[in-house]
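Reading through the structure tokens given below for one structure.
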Ligand SMILES: [Zn+2]
């Protein structure tokens with residue numbers, strides 16, 4: 178019999194994005210040779226540099242300060258707004274479509290998103306967000322590659338968080354070495370969400386990402402992946418220290434279990450698989466009791 182038991186030091190970490198408050202922005206941060214995060218502590222978007230200009234992935238919230246942060250971020254890495262050629266959206270919620278009308282005007286970029294998500298963003302905006310003030314130029318479909326220059330972003334339709342939500346596989350390089358990042362497009366379980374559908378999409382996403390050799394993840398909600406902390410590390414990283422965004426496929430799949438676990442906890446209070454209205458939530462019951 179062993180004398181001492183060695184336990185995992187990891188604690189469940191259910192940090193949630195704080196909405197409805199003014200979250201501080203972090204400095205524009207390069208996390209790969211060709212990928213930059215623009216972020217405050219609840220929402221993030223990404224600038225993906227290609228040989229033909231920039232793909233902006235998601236666009237944070239529809240307020241002036243988010244618009245200003247995105248324009249500043251583009252300037253911070255040495256580009257002009259007109260160098261953004263494509264704006265690619267995960268889904269049609271206001272914390273991701275941002276000031277789309279103003280952004281399209283400033284950049285001249287084409288808006289790529291799912292058809293169902295465009296309808297959601299324009300006709301069924303949720304929360305305190307105004308409807309999206311722009312229309313899509315290109316509808317992305319399941320399995321599409323969005324191509325700009327030598328860069329191909331792979332699109333995977335992953336209904337769950339919203340009915341037409343998209344996740345992406347994003348190719349990047351770190352000191353010239355190629356990596357692939359998974360971006361799980363919709364994270365939270367909002368009222369009405371079908372948890373079984375969410376889990377089915379997660380399984381599909383895991384399979385496609387594993388086959389593609391995805392070896393890292395980014396999130397449009399930094400609390401989900403310690404994005405603020407990892408960006409800070411990237412700003413201060415020492416020579417030869419591994420990039421905190423570079424994992425292995427095994428670690429990537431392990432990270433995704435946090436979304437699976439979130440669903441399992443919710444199923445305990447919503448065994449029919451449909452997320453109840455918020456007033457019915459009993460957060461303490463939703464946690465695994467250890
Ligand atoms: Zn959302």
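Residue numbers (my numbering): 178 to 467. C-beta: ideal position from N, C-alpha, C; glycine also. Keep in mind it's a predicted model, so treat the numbers as computed, not measured.
- In the structure shown, residue 378 falls within a helical segment according to DSSP collapsed to helix, strand and coil.
- Taken through DSSP and simplified to helix, strand or coil, residue 244 comes out as helix.
- Per the coordinates, the alpha-carbon of residue 285 lies some 14 Å from the alpha-carbon of residue 276.
- Distance from the Cα of residue 221 is smallest, within the candidate group 383, 179, 393 and 400, for 400.
- Placement of the Cβ of residue 301 at a distance of 7 Å or more from every heavy atom of ligand 1 is found.
- Apart from sequence neighbours up to five positions away, the residues of its chain that approach residue 440 with a beta-carbon distance below 8 Å are 366, 372, 375, 376 and 379, ordered along the chain.
- Cβ-Cβ separation between residue 287 and residue 330: approximately 14 Å, too far for a contact (criterion under 8 Å).
- Where residue 301 is concerned, there is no enclosing beta strand (DSSP E), because DSSP gives it neither an H nor an E.
- In this structure, DSSP gives residue 371 an extended state, which the three-state scheme calls strand.
- Within the segment 181 to 264, the beta strand (DSSP E) runs of at least 3 residues that lie entirely inside it are, in chain order, 206 to 209, 212 to 216, 221 to 227 and 230 to 234.
- Look at residue 308 here: in three-state DSSP terms it is coil, with no helix or strand label.
- Closer than 7 Å to some heavy atom of ligand 1: that does not describe the Cβ of residue 331.
- Going by DSSP, residue 347 is part of the beta strand (DSSP E) stretching over 343 to 351.
- The three-state secondary structure of residue 322, taken from DSSP, is strand.
- Three or more Cβ pairs closer than 8 Å define a contact, and the segment 259 to 270 meets that threshold against the segment 288 to 298.
- Scanning its chain for C-beta atoms nearer than 8 Å, with the 5 sequence neighbours on each side dropped, one finds around residue 382 the residues 333, 335, 344, 359, 361 and 433, in chain order.
- In the three-state DSSP reduction, residue 414 falls in the coil class, being neither helix nor strand.
- Here the alpha carbon of residue 350 sits roughly 42 Å from the alpha carbon of residue 454.
- The bridge partners DSSP lists for residue 328 are 325.
- Nearest Cα to residue 447 within the set 392, 240, 225 and 368: 368.
- For a cut-off of 8 Å, the C-beta gap from residue 403 to residue 395 is around 11 Å, too long to register as a contact.
- Separation of residue 178 and residue 185 (C-alpha to C-alpha, rounded to the nearest whole angstrom) is 19 Å.
- Remark: the shortest separation between the CB of residue 304 and any heavy atom of ligand 1 does not fall under 7 Å.
- Judged by DSSP secondary structure, residue 290 falls within the beta strand (DSSP E) whose first and last residues are 287 to 290.
- Cβ contact annotation for residue 211 (same chain, cutoff 8 Å, sequence separation greater than five): 225, 226, 227, 328, 349 and 350, in chain order.
- Annotated three-state conformation of residue 316 is strand, per DSSP.
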